[in-house]
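Peer 1: In the UniProt record's numbering, the protein residues as written are 1 to 135. Glycine included, each C-beta is placed from N, C-alpha and C at the ideal position. Quick one: the structure is below, and I'll ask about it shortly.
In structure tokens form, the structure reads like this:
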């Protein structure tokens, strides 16, 4: 893969991460608005007392548990995606390094072969000169 293709992949993956972050924030805001829009209707029975503080604390605890679970799931998903991207980036870096090494080896082989060609041309020229010399 070329450097341009790798950079395009990195850019696409960064865009995907940003998309998921935005999606997470949107879903979290939507969940918070749904919970805040939920109204609880209580019919009061005067014969017993309601523990409103306890009910509010319980609802708050349930909401926080849902929010924490959602946050943990999203963070796990993002962490997994991030690790995948890191692994891909490492692989592409290794591929790039290997390709550069292959190119360097090929350049050395070209130089060696070019030197051999020049050497053979010189030998041929000497032989032609020796043949052309009168005896």
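Are residue 87 and residue 10 close, meaning C-beta to C-beta below 8 Å?
Peer 2: Not a contact, by the Cβ cut-off of 8 Å.
Peer 1: At which residues does the alpha helix (DSSP H) containing residue 71 begin and terminate?
Peer 2: Per DSSP, residue 71 belongs to the alpha helix (DSSP H) from 52-132.
Peer 1: Taking the straight line between their C-alpha atoms, what separation do you get for residue 106 and residue 7?
Peer 2: When rounded, the distance between both Cα atoms is 25 Å.
Peer 1: Assuming residue 31 contacts residue 70 under a Cβ cut-off of 8 Å, what Cβ separation, rounded to an integer in Å, is found between them?
Peer 2: That belief holds up - the Cβ atoms of residue 31 and residue 70 are roughly 7 Å apart, short of 8 Å.
Peer 1: Take residue 13 and list the residues in its own chain whose beta-carbon comes closer than 7 Å to its own, dropping the five residues that flank it on each side.
Peer 2: Same-chain partners within the cutoff: 85.
Peer 1: Suppose the cutoff is 6 Å on Cβ atoms and the five residues either side in sequence are ignored; what does the same chain contact list for residue 64 look like?
Peer 2: There are no such residues.
Peer 1: For residue 80 and residue 120, what's the separation of their Cα atoms in angstroms?
Peer 2: The alpha-carbon atoms of residue 80 and residue 120 are separated by roughly 59 Å.
Peer 1: Could you check what DSSP says for residue 2 in three-state terms: helix, strand or coil?
Peer 2: Residue state, collapsed to three classes: coil.
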